[in-house]
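Participant: If you count by the working numbering, then the sequence shown holds residues 1 to 155, one letter each, in order. From the three backbone atoms N, C-alpha and C, an ideal C-beta is built for every residue, glycine too. Nothing here was measured: the structure is a model prediction, and the numbers come from that model. One structure coming up, written as structure tokens, with questions to follow.
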Amino acid sequence: MNSIQDSDPRLGIFDKLFALKVGIYITVVEIWLRKHGVLKCQTALAKLAERPRLLHKKPIDQQAEVQRICELVEYGNKRFTAYPADCLSRSLVLQYLLRSHGIDAKLKLGVRNTTGRFESHAWVEHNARPLNEAERVHDIYTEIDWNRERSGPQP
């Protein structure tokens, strides 16, 4: 994925403001995760994304909008946060922004154990395709079923 640069002619004032908003969201999500955990954070973001969208209509070219939002999340993370966020915070913000624009996005978590060292990773998928990660993320990490968005009572 190509990153948006400051000198990119596509980066107008609204994109810069969007990226600034991303930086604020990432900072808030980082704090929220530490205080309440991933499930409460994702649930709250999902509820926020469902609120009525006055300014966001479903984009005509959805794939272009998905790509634009992904690029702006990466740009906002690098440019407008105190320090670059980890994959979980970036993925939660990306999922929230996509959903708030009426675009289906699923948060995925994966694990691996390489040379005795346990590692975890988070990414977002749209139409079963990783967005903020390489296409071969499924070859590197074993996806875990953690999704709490199921209907019905939970054990």
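Roughly how many angstroms lie between the CA atoms of L92 and L98, to the nearest whole one?
Facilitator: Taking the sequence shown and counting its residues from 1, one reaches residue 92 at position 92. Taking the sequence shown and counting its residues from 1, one reaches residue 98 at position 98. Looking at the two C-alpha atoms, the distance is approximately 10 Å.
Participant: State whether the region 110–122 contacts the region 67–84, with contact taken as three or more CB pairs (one from each stretch) at a distance under 8 Å.
Facilitator: Contact fails: fewer than three Cβ-Cβ distances are below 8 Å.
Participant: Inspect the beta-carbon positions of A105 and L88 and report whether they are closer than 9 Å.
Facilitator: If you number the sequence shown from 1, residue 105 lands on position 105. If you number the sequence shown from 1, residue 88 lands on position 88. No, they are not a contact pair.
Participant: Give the secondary structure of F118 by DSSP, where H, G and I count as helix, E and B as strand, and everything else as coil.
Facilitator: Translated into positions along the sequence shown, residue 118 becomes position 118. If DSSP states are grouped into helix, strand and coil, F118 belongs with the strands.
Participant: Between the Cα of E136 and the Cα atoms of D86, W146 and E125, which residue gives the shortest distance?
Facilitator: Within the sequence shown, numbered from 1, the residue matching residue 136 stands at position 136. As written in the sequence, residue 136 is Arg, which differs from the Glu given in the question. The candidate whose alpha carbon is nearest that of R136 is E125.
Participant: Using a Cβ-Cβ cut-off of 6 Å (strictly less than) and excluding sequence neighbours within five positions of H121, which residues of its own chain qualify?
Facilitator: The sequence position of residue 121 within the sequence shown is 121, counting from 1. So the list reads C87, G110 and Y141, once near-sequence residues are dropped.
Participant: G23 and G76: beta carbons closer than 9 Å?
Facilitator: Along the sequence shown, read from residue 1 onward, the residue named residue 23 stands at position 23. Along the sequence shown, read from residue 1 onward, the residue named residue 76 stands at position 76. A contact, by the Cβ cut-off of 9 Å.
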